[in-house]
Amino acid sequence: MTPGINLILGSGLIIYGLYMLILRRVAAQKISKLQALIESHGEKTGYKIHLIGHTVLPLVAGVLLIAAHFRA
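Residue numbers (our numbering): 4 to 75.
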């Protein structure tokens with residue numbers, strides 16, 4: 004089975020989601036988008052928006068793309 008676009012994109016999204024999850028724990032002050040969300044929406048809401056948009060959604064999309072690759 005050759006690596007298709009779903010496998011490549013899915014792997015990339017999972018790597019990105021895990022990277023953002025780790026970076027949020029280690030050095031959250033280095034993430035400019037997170038800091039902008041905190042300034043515009045407050046600390047709690049900014050963290051939630053960033054967690055969903057930059058960690059949870061990429062991980063879920065990555066898993067779905069990899070599953071689609073192996074189903075086909």
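By construction, the Cβ of each residue, glycine as well, lies at the ideal position given by its N, Cα and C atoms. These numbers were taken from a predicted model, which means no experiment stands behind them.
* According to the Cβ coordinates, are N9 and A71 closer than 8 Å? -> yes
* Grab the span of the alpha helix (DSSP H) containing A70 for me, first residue to last. => L60 to R74
* Would you call T58 buried or exposed, if buried means 16 or more other Cβ atoms sit within 10 Å of its Cβ? -> buried
* Taking the C-alpha atoms as reference points, what is the distance between R74 and L68? -> A direct Cα-Cα distance of roughly 10 Å separates R74 from L68.
* **Local conformation of G45 per DSSP, three classes** => coil
* Starting from I55, follow the alpha helix (DSSP H) in both directions and report where the run begins and ends. => First-last for I55: undefined, no H or E at that position.
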